[in-house]
């Protein structure tokens, strides 16, 4: 069975309005409502998962990709995240998102899901779930670079879901 990732929030390749800037759940202009996710087919050796939600089309606007959500050490027994997990699932170990460029680093909205808010046009977003051979021991508020280093040599498989969102 292939390792797959899906979300009821991605319909015909588009991320539903409520999970980004066109939704009504924003703090300081940052979308807060995270989308539900479900996955299956992870390798039997999986000990944990890492979730990344990224906008690579941001390069044209700001010169770099934008990390909207990072979560690590998701237990291997987990097969889904409910809507709004970024705020409601206290067990979820979440790292800094790209909104730290505009907000103080210790602000809660910079340490959980911060949804899509493209400055112009339509952007394609990538939701990537990594199956890992071990847990990483990440602490809340970790930085992406720290996560990448700890993941080296531990990735068993990845599942990817893409969706677009327009201003």
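In my numbering, the protein residues as written are 46 to 212.
Idealized CB from N, CA, C, for every residue including glycine.
Query	Result
Inter-stretch contact at 8 Å, needing at least 3 Cβ pairs: the stretch 172 to 187 / the stretch 203 to 212	yes
Whole-Å CB distance - residue 49 paired with residue 86, under 8 Å assumed	6 Å
Start and end residues, beta strand (DSSP E) containing residue 211	200 to 211
At least three beta-carbon pairs within less than 8 Å, the stretch 60 to 80 to the stretch 88 to 96	no
Length of the line joining the Cα atoms of residue 89 and residue 136	23 Å
Inter-residue CB distance, residue 78 and residue 52 (contact presumed, cutoff 8 Å)	In fact, because the Cβ distance is near 13 Å, the residues do not count as touching under 8 Å.
Helix, strand or coil at residue 62 [DSSP, three-state]	helix
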